[in-house]
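Heads up, the thing below is written out as structure tokens.
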Ligand SMILES: [Zn+2]
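In our numbering, the protein residues as written are 16 to 91.
Here it is as structure tokens:
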């Protein structure tokens with residue numbers, strides 16, 4: 016399991032906005048509280064965004080079902 020750092024801010028602003036607002040906090044047990052300080056990375060081809068719950072500051076991890084993960088596309 017290798018963790019590869021990715022650049023969250025390389026995403027479209029709309030994407031960033033969605034990830035930062037559509038969250039689930041295990042501490043608050045509430046959805047869409049938002050998160051701050053996002054850090055994006057992938058493990059084994061699965062992309063995650065870690066951040067802090069905007070309400071309580073606990074770690075929030077969002078798993079991204081990503082279509083544009085490296086190497087899937089054949090660019091002729
Ligand atoms: Zn929270």
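Virtual Cβ for every residue (Gly too), placed ideally from N, Cα, C.
Taken in chain order, the whole alpha helix (DSSP H) runs of length 4 or more contained in the segment 40-65 number zero.
Just measuring C-alpha positions, the residue of 78, 45, 51 and 17 sitting nearest residue 32 is 51.
Judged by DSSP secondary structure, residue 29 falls within the alpha helix (DSSP H) whose first and last residues are 28-36.
Nearest neighbour of residue 17 by Cα position, chosen from 59, 64 and 79, turns out to be 59.
Beta-bridge analysis with DSSP links residue 67 to 51 and 74.
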